[in-house]
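Numbers 6 to 259, taken from the numbering used here, label the letters of the sequence shown in order.
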Amino acid sequence: MEIWVYAITASLAVSSVAFSGVFTLFMSDNQLKRFVPFLVSLAVGVLLGDAFIHLIPDAVVRLNSVTEIGLFTSVGIVLFFLIEKVVRWRHDHDLPSVKQEAVSPSAKMNLIGDAVHNFVDGMLIAGSFYSSPALGVTTTLAIIIHEIPQEIGDVGSLIFGGYTPRRAIWLNFLCTLPCVLGVVATLVFGVLFEGALVYLLPLAAGGFIYIAVSDFMPMLHYRTAMTAHFAQVFLIATGIGAMEAVTLIERMLT
Numbered sequence: 006m007e008i009w010v011y012a013i014t015a016s017l018a019v020s021s022v023a024f025s026g027v028f029t030l031f032m033s034d035n036q037l038k039r040f041v042p043f044l045v046s047l048a049v050g051v052l053l054g055d056a057f058i059h060l061i062p063d064a065v066v067r068l069n070s071v072t073e074i075g076l077f078t079s080v081g082i083v084l085f086f087l088i089e090k091v092v093r094w095r096h097d098h099d100l101p102s103v104k105q106e107a108v109s110p111s112a113k114m115n116l117i118g119d120a121v122h123n124f125v126d127g128m129l130i131a132g133s134f135y136s137s138p139a140l141g142v143t144t145t146l147a148i149i150i151h152e153i154p155q156e157i158g159d160v161g162s163l164i165f166g167g168y169t170p171r172r173a174i175w176l177n178f179l180c181t182l183p184c185v186l187g188v189v190a191t192l193v194f195g196v197l198f199e200g201a202l203v204y205l206l207p208l209a210a211g212g213f214i215y216i217a218v219s220d221f222m223p224m225l226h227y228r229t230a231m232t233a234h235f236a237q238v239f240l241i242a243t244g245i246g247a248m249e250a251v252t253l254i255e256r257m258l259t
């Protein structure tokens, strides 16, 4: 019973990180218009860094088969491509009154990818607490540190995609709740879900790669000023570097 209390409390702590972007509520429309595109650049770097530096290497260690990891990463990319097809089809077939309020499909794709990732985090938390409370605490701290830059970038990309700051923060929080579901599913089904984790990691990585390259990067081409180009590249590199730094911290903690 203690494991349940510890693991669910930890998952709720991770979910609370979704409010990292609350500062956007205190920005004017003009400030958001100037600032949010930079958050999209940061989100690109964080997503790519998370996929290539965190999720895929973690899966390789667990499965010890680069070929299978490459296969499931590719499946993840194609799967998110098909999901976006469905999202765009629904977007194109909405009623005119609904279309006016609709947000870009890329923002919705980001929500889906974030939900999958948080479910995986929940599985990691449950598995670590099942091993030992000390490992559970360090794993939770590592995930929280890892989530902060990602959640800030996610809020920025959702606002850029058409959501209001308040709604973006709320939806971003809802997408962290699968972390709790991941904990519950792993504690209930145990070994079955532990075995599935190794395949969910590259699937999530493939989704992040698709969202970053297919959805977010094209958005960055609309800004033509040379200073904007340099800022975009710098922030993408910053996002990747942040994920590398977080991965190093995770290794020290665990």
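All C-beta atoms in this analysis are idealised placements derived from N, C-alpha and C, irrespective of residue type, glycine included.
Its chain contains 258 as the residues whose beta carbon lies nearer than 8 Å to that of residue 146, once the 5 sequence neighbours on both sides are disregarded; these appear in chain order. If you check the CB distance, residue 50 and residue 118 do not come in under 9 Å. Contact between residue 25 and residue 156 holds, with the beta-carbon distance rounding to 4 Å and staying under 8 Å. Distance from the Cα of residue 113 is smallest, within the candidate group 140, 172, 70 and 142, for 172. With fewer than 16 other Cβ atoms from the protein chains shown falling within 10 Å of its own Cβ, residue 230 counts as exposed. Annotation for residue 123: the continuous alpha helix (DSSP H) segment containing it runs 110–136. Distance check between residue 187 and each of 130, 89 and 237 places 130 closest, using alpha-carbon atoms only. Under the criterion of beta carbons closer than 8 Å, residue 150 and residue 27 do not qualify as touching, at roughly 18 Å.
In the DSSP annotation of this structure, the continuous segment of the alpha helix (DSSP H) that includes residue 14 starts and ends at 7–21.
Between residue 81 and residue 154 a beta carbon distance of about 22 Å is seen, past the 8 Å cut, so the two are scored as non-contacting. Distance check between residue 20 and each of 177, 227 and 134 places 177 closest, using alpha-carbon atoms only. In the three-state reduction of the DSSP assignment, residue 184 falls in the helix class. Nearest to residue 34 by alpha-carbon distance, out of 138, 165, 63 and 14, is 165. Per the coordinates, the alpha-carbon of residue 235 lies some 23 Å from the alpha-carbon of residue 29.
Proximity to residue 179 across 12, 121, 65 and 11 peaks at 121, based on C-alpha coordinates.
Scanning its chain for C-beta atoms nearer than 6 Å, with the 5 sequence neighbours on each side dropped, one finds around residue 58 the residues 248, 249 and 252, in chain order. Around residue 18, the same chain offers 145 and 149 as residues with beta carbons nearer than 8 Å, after the five sequence neighbours per side are excluded.
Distances from the CA of residue 32 to each of 209, 74, 161 and 63 were compared; the closest alpha carbon is that of 161.
Taking 9 Å as the cut-off, the Cβ atoms of residue 135 and residue 191 count as close. Put simply, the backbone Cα of residue 132 is about 42 Å away from that of residue 36. Taking a 10 Å sphere around the C-beta of residue 125, we find 16 or more other C-beta atoms and assign the residue as buried. With a cutoff of 9 Å on beta-carbon distance, residue 48 and residue 204 are scored as not near each other. Taking C-beta atoms as the reference points, residue 123 and residue 182 count as a pair closer than 9 Å.
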